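Residue 1 is where the sequence shown starts when you use this note's numbering, and the numbers rise one by one after that.
For each residue, glycine too, the CB sits at the ideal point set by N, CA and C.
Please read these numbers as outputs of a predicted model, since none were measured by experiment.
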Amino acid sequence: MKSYEETVRRTAALDWKIKSKYPTAYMKEVFGVTEQEDPKLIDILIAASHCGGIHRLFDTLPKAYLDNMVRYISK
(Lines of atoms letter the chains of each structure in order from A; the text may use other names.)
(Lines give C-alpha, C1' and ligand atoms only; values in the text may rest on other atoms or scores of the structure.)
Protein backbone atom coordinates (compact mmCIF):
# COMPACT_ATOMS: atom_id res chain seq x y z
CA MET A 1 0.00 0.00 0.00
CA LYS A 2 1.25 3.46 -0.85
CA SER A 3 1.90 6.11 1.72
CA TYR A 4 -0.59 8.91 2.18
CA GLU A 5 1.85 11.43 0.71
CA GLU A 6 2.38 9.33 -2.42
CA THR A 7 -1.37 8.94 -2.90
CA VAL A 8 -1.87 12.70 -2.57
CA ARG A 9 0.95 13.32 -5.06
CA ARG A 10 -0.50 10.91 -7.64
CA THR A 11 -3.99 12.37 -7.18
CA ALA A 12 -2.63 15.89 -7.73
CA ALA A 13 -0.71 14.71 -10.80
CA LEU A 14 -3.85 13.16 -12.27
CA ASP A 15 -5.84 16.31 -11.50
CA TRP A 16 -3.19 18.33 -13.35
CA LYS A 17 -3.45 15.97 -16.35
CA ILE A 18 -7.22 16.31 -16.41
CA LYS A 19 -7.06 20.11 -16.26
CA SER A 20 -4.18 20.65 -18.70
CA LYS A 21 -4.15 17.89 -21.32
CA TYR A 22 -6.64 16.74 -23.94
CA PRO A 23 -8.36 13.54 -22.73
CA THR A 24 -7.01 11.32 -25.51
CA ALA A 25 -3.52 11.82 -24.04
CA TYR A 26 -4.39 9.91 -20.85
CA MET A 27 -7.64 7.99 -21.45
CA LYS A 28 -6.05 4.63 -22.25
CA GLU A 29 -3.52 4.86 -19.42
CA VAL A 30 -5.98 5.91 -16.70
CA PHE A 31 -9.35 4.50 -17.76
CA GLY A 32 -8.34 1.64 -20.05
CA VAL A 33 -10.36 2.78 -23.08
CA THR A 34 -9.81 4.94 -26.14
CA GLU A 35 -12.01 7.65 -27.62
CA GLN A 36 -13.32 5.21 -30.24
CA GLU A 37 -14.26 2.61 -27.61
CA ASP A 38 -16.30 5.07 -25.51
CA PRO A 39 -17.07 8.45 -27.12
CA LYS A 40 -19.21 9.55 -24.13
CA LEU A 41 -16.21 9.38 -21.79
CA ILE A 42 -14.36 12.06 -23.71
CA ASP A 43 -17.28 14.47 -23.20
CA ILE A 44 -17.23 13.78 -19.45
CA LEU A 45 -13.47 14.37 -19.31
CA ILE A 46 -13.65 17.60 -21.31
CA ALA A 47 -16.36 18.90 -18.97
CA ALA A 48 -14.19 17.96 -15.98
CA SER A 49 -11.22 19.79 -17.47
CA HIS A 50 -13.24 23.00 -17.73
CA CYS A 51 -14.84 22.91 -14.31
CA GLY A 52 -13.96 20.83 -11.31
CA GLY A 53 -11.13 18.60 -12.41
CA ILE A 54 -10.91 15.29 -10.62
CA HIS A 55 -13.63 16.29 -8.13
CA ARG A 56 -16.22 16.49 -10.90
CA LEU A 57 -15.33 12.97 -12.05
CA PHE A 58 -16.34 11.44 -8.72
CA ASP A 59 -19.92 12.55 -9.44
CA THR A 60 -20.09 11.89 -13.18
CA LEU A 61 -17.99 8.82 -14.02
CA PRO A 62 -19.56 5.38 -14.38
CA LYS A 63 -18.46 3.00 -11.61
CA ALA A 64 -16.15 0.92 -13.84
CA TYR A 65 -14.16 4.00 -14.89
CA LEU A 66 -14.09 5.35 -11.35
CA ASP A 67 -12.61 2.02 -10.20
CA ASN A 68 -9.98 2.23 -12.96
CA MET A 69 -9.10 5.79 -11.92
CA VAL A 70 -8.71 4.80 -8.27
CA ARG A 71 -6.59 1.81 -9.33
CA TYR A 72 -4.39 4.13 -11.42
CA ILE A 73 -3.88 6.50 -8.49
CA SER A 74 -3.01 3.69 -6.09
CA LYS A 75 -0.57 1.77 -8.32
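Going by beta carbons, Lys-28 and Gly-53 fall outside the 8 Å limit.
In this structure, the beta-carbon distance from Ile-42 to Pro-23 falls below 8 Å. For Lys-28, the three-state secondary structure derived from DSSP is helix. The beta carbon of Lys-2 is closer than 8 Å to those of Arg-10 and Ser-74 in its chain, skipping five residues each way along the sequence. Under the DSSP assignment, Lys-40 falls in the alpha helix (DSSP H) whose first and last residues are 39-50.
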